[in-house]
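When the sequence shown is numbered by this note's numbering, its final residue is 213 and no position is left out of the sequence of numbers.
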Amino acid sequence: MIAPSILSADFARLGAEIDAVAGPGDGRADWVHVDVMDNHFVPNLTIGLPVVESLRKHTGLPLDCHLMIEDPDRWAPGYAEAGAHNVTVHVEAAHDPVMLAKNLRAAGAKAGLAIKPGTPIEDYLDTLKHYDTLLVMSVEPGFGGQSFIPDVLDKVRTARRLVDTGHLTLLVEIDGGINADTIEQAAEAGADCFVAGSAVYGAGDPAKAVAALRDKARA
Ligand code: DX5
Ligand code: ZN
């Protein structure tokens, strides 16, 4: 699955930017990745609930909300209520990740757990069984356009193994620095879903970029 990140889109024309990857065929996004940043958990500030509510009305594509915020226990369920398909919270920020996953599901969303490049996955294997998605960050969260950190692929492999051996039911998502050069290694390591911001919205034709990434991920 390919999830274009609107962090690299033109915020003055968000609806049109999403429509650009909502057409039929291989250029259609599977999810639209929405990066919510609060200027506390990460040193950047983006968009929040009102924008997600508007996007929900605008597009039929599932919204994959990645919350880079403090105290997600308090704020994340609101994104589920706003109609997000996935609500992903950071393990470094969540106070009670198990309860939070339950609350997200009760509010009608899939629950996602995100992990920063320097955070070991081993400490959270028990937590993961409560989640639908694991988002492995392959850059430091906060900004688009950074270089892919290959060391995080070990986490993708660990999660893939646990899923394939039936110990976990999870989609493995990778986020940061995914482009035509890096997507193959991420696919090979076992990622199911690929977030791409600059590689999609920095390209002249976003749908074509989605189709090209999909092609490489399948190779
Ligand atoms: C970074 C965000 C990413 C970002 C990826 O904190 O979580 O989703 O948009 O952008 P690229 O694909 O340009 O690395
Ligand atoms: Zn993201």
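Positions of the beta carbon are idealized from the N, C-alpha and C atoms, including for glycine.
- Message: Considering only heavy atoms of the ligand ZN and the C-beta of each residue, which residues fall inside 6 Å, strictly closer?
- Response: SER(-1), HIS27, ASP29, HIS60, ASP169 and VAL189
- Could you tell me which uninterrupted beta strand (DSSP E) segments, each at least 3 residues in length, are contained entirely in the stretch 36 to 102, listed from first to last along the chain? 57 to 62 and 80 to 84
- Message: With DSSP as the reference, identify every bridge partner of PHE188, one or two as the case may be.
- Response: Position 194 of the sequence shown, counted from the first residue, corresponds to residue 188. PHE188 pairs with ILE(-4) and ILE168.
- Would you tell me roughly how many angstroms separate the C-alpha atoms of ASP13 and VAL28, rounded to the nearest one? To locate residue 13, count along the sequence shown from 1; it is residue 19. To locate residue 28, count along the sequence shown from 1; it is residue 34. Their Cα atoms are separated by approximately 14 Å.
- Item | the stretch 33 to 46 / the stretch 164 to 181 touching (three or more Cβ pairs under 8 Å) | no
- Segment contact, 8 Å Cβ cut-off, at least three pairs: the stretch 90 to 97 with the stretch 129 to 140: no
- Message: Excluding the 5 residues flanking GLY17 on each side, which residues of the same chain have their C-beta closer than 8 Å to its C-beta?
- Response: As a first step, residue 17 must be located in the sequence shown, where it is residue number 23. Closer than 8 Å at Cβ, skipping near neighbours: ALA201.
- To which residues of the same chain is SER132 closer than 6 Å at the C-beta, ignoring the five residues directly before and after it? Translated into the one-based positions of the sequence shown, residue 132 becomes position 138. Result list for SER132: PHE142, ILE143, VAL146, ILE168, GLY170 and GLY171, in chain order.
- Message: Can you tell me which residues form a DSSP beta bridge with THR127?
- Response: Against the sequence shown, residue 127 aligns to sequence position 133. Bridge partners of THR127: GLY106 and LEU165.
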